[in-house]
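Residue numbers (our numbering): 18 to 460.
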């Protein structure tokens, strides 16, 4: 099938490569000419395990092509997927400027019947807006071309997106046309060989499903962090509590890992957007507002504990922290809404120096903190320890799980570790003579 993908960001590039891998002819459109040239040369601009060879292979075999011309992308296409960014506005609302622009250009460029698919995460009712924009543009051109607008939300985890796309838990499609449903079912058939995964519904329900899914996962994270904080107050161990509740199949173990809160491009944005949608419909989403509040506090909870620790020593000003991890989670270079980034900003504002190491996000970190003289990005995890008064582990990269603790102890000015991901054993570190602070456990 010939399809067009508008947007070469995270969702657009992963979707394009995976569709092409299954034998489809995919034209991927982006307005950034330099980016298009790099992609056609086999160089990708985002970090995702397995993505670069998949893009390069399908481009070399002629199934994946990049262009900055939507007209070229639409040639012979049965469907066009809108995969552009929908960033949060200052009020938490979803900025649909890019979606509107693409819809207008589709209406100005299409020359044959077409299925338009919203894959970007968008508020309920966006498909109706897109339909209206395209119809208006066709009317200006004096054309009556058949088109349908569907919703096909993505459920990709950064760091495991290829697997998520190739072996999805479900494929959700919202459409008001049997023809649209049939086309998308045909397109996704290779991804659901073992069992039926295709779920069709009305458009607005599909748009809502994406937000509901992400908000529920965010709720589980804020819930376990709230429980972890309470465990610290009452003397319980959140590890044991997690085991106790996770063994209930109604709850499960997924997404109940205490830590420094959720981040990235999806959960924070989607929680805020659904809160905003509720307000626009005269409804107060009290639970979601609490989820958001808990998460914002959690991001700096460990940093505030570090500040309290150094208060009797004259405060954190002039001292140095070694920070292992800057990405919001492992297996990505994404710094959006990252708790470690907030930690750096908070502590440097108090005069503390921070030496960062991240195996993948280092380059992004250097760009982000280029104007902050108190920040240094090291080339290795042990180099980051040089001259540091304490170590904070903020991202759960595998190489941080079993480090050389004797080397850590001998390099740090003080034998002091703040573990935001609960990677280590409190009793083991105590036996080594290391002071240890974690989340929801005895310190």
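Where a beta carbon is used, it is the ideal one built from N, C-alpha and C, also for glycine.
- Burial check for residue 62: the Cβ neighbour count within 10 Å stays below 16, so the residue is exposed.
- Straight-line measurement puts the Cα of residue 239 at about 6 angstroms from the Cα of residue 308.
- Nearest to residue 370 by C-alpha distance, out of 345, 405 and 273, is 405.
- When secondary structure is reduced to three states using DSSP, residue 135 falls in the strand class.
- Counting along the chain, no alpha helix (DSSP H) covers residue 335, and no H or E run does either.
- The beta carbon of residue 395 is closer than 6 angstroms to those of 372, 374 and 401 in its chain, skipping five residues each way along the sequence.
- About 3 angstroms separates the beta carbon of residue 280 from that of residue 345, a gap short enough to meet the 8 angstroms contact definition.
- Classified as exposed, residue 299 has fewer than 16 neighbouring CB atoms from the shown chains inside 10 Å of its CB.
- Runs of beta strand (DSSP E) with 3 or more residues, each lying fully within the region 204 to 260, are found at 215 to 218, listed in chain order.
- For the options 449, 435, 448 and 450, the alpha carbon positioned closest to that of residue 458 is the one of 435.
- Cβ-Cβ distances below 7 angstroms link residue 154 to 121, 124 and 125 in the same chain, with the five nearest sequence neighbours on each side left out; the list follows chain order.
- Around the beta carbon of residue 287, 16 or more other beta carbons sit within 10 angstroms, so the residue counts as buried.
- By the C-beta density criterion, residue 104 is exposed, having fewer than 16 other C-beta atoms within 10 angstroms.
- In this structure, residue 99 and residue 72 do not form a Cβ contact; the two beta carbons are roughly 20 angstroms apart against a cut-off of 8 angstroms.
- Per DSSP, the beta bridge partners of residue 436 are 410.
- DSSP places residue 81 within a strand segment (E or B) once states are collapsed to three.
- With a beta-carbon spacing of about 29 angstroms, residue 211 and residue 165 fall beyond the 8 angstroms limit used to define contacts.
- Per the coordinates, the alpha-carbon of residue 58 lies some 27 angstroms from the alpha-carbon of residue 353.
- Here residue 21 is near residue 91, since their CB atoms are less than 8 angstroms apart.
- Each of 205, 169 and 423 was checked against the Cα of residue 399, and the nearest Cα belongs to 423.
- Cβ contact annotation for residue 205 (same chain, cutoff 7 angstroms, sequence separation greater than five): 188 and 215, in chain order.
- Counting the other Cβ atoms within 10 Å of the Cβ of residue 259 gives 16 or more, which makes it buried.
- Contact between residue 444 and residue 293 does not hold, since their C-beta atoms are separated by about 46 angstroms, which reaches or exceeds 8 angstroms.
- In the displayed model, residue 377 falls within coil according to three-state DSSP, outside both helix and strand.
- Sorting 74, 18, 33 and 276 by C-alpha distance to the C-alpha of residue 355 places 276 at the top.
- Here the alpha carbon of residue 248 sits roughly 15 angstroms from the alpha carbon of residue 437.
- In summary, residue 191 is buried, with 16 or more beta-carbon neighbours lying within 10 Å of its beta-carbon over all protein chains present.
- Rounded to the nearest angstrom, the gap between the Cα atoms of residue 339 and residue 178 is 30 angstroms.
- Within the region 105 to 189, the alpha helix (DSSP H) runs of at least 4 residues that lie entirely inside it are, in chain order, 114 to 126, 143 to 158 and 178 to 183.
- Residue burial annotation: residue 79 is exposed, with fewer than 16 other C-beta atoms found within 10 angstroms of its C-beta.
- Scanning its chain for C-beta atoms nearer than 7 angstroms, with the 5 sequence neighbours on each side dropped, one finds around residue 268 the residues 262, in chain order.
- Counting only runs of 4 or more residues that sit fully inside the region 261 to 305, the alpha helix (DSSP H) segments are 284 to 297, in chain order.
- Residue 28 and residue 34 have their C-alpha atoms roughly 10 angstroms apart.
- Going by beta carbons, residue 284 and residue 342 fall outside the 8 angstroms limit.
- In the three-state scheme derived from DSSP, where H, G and I count as helix and E and B as strand, residue 43 is classed as strand.
- Restricting attention to 26, 53 and 76, the CA atom closest to the CA of residue 41 is found in 76.
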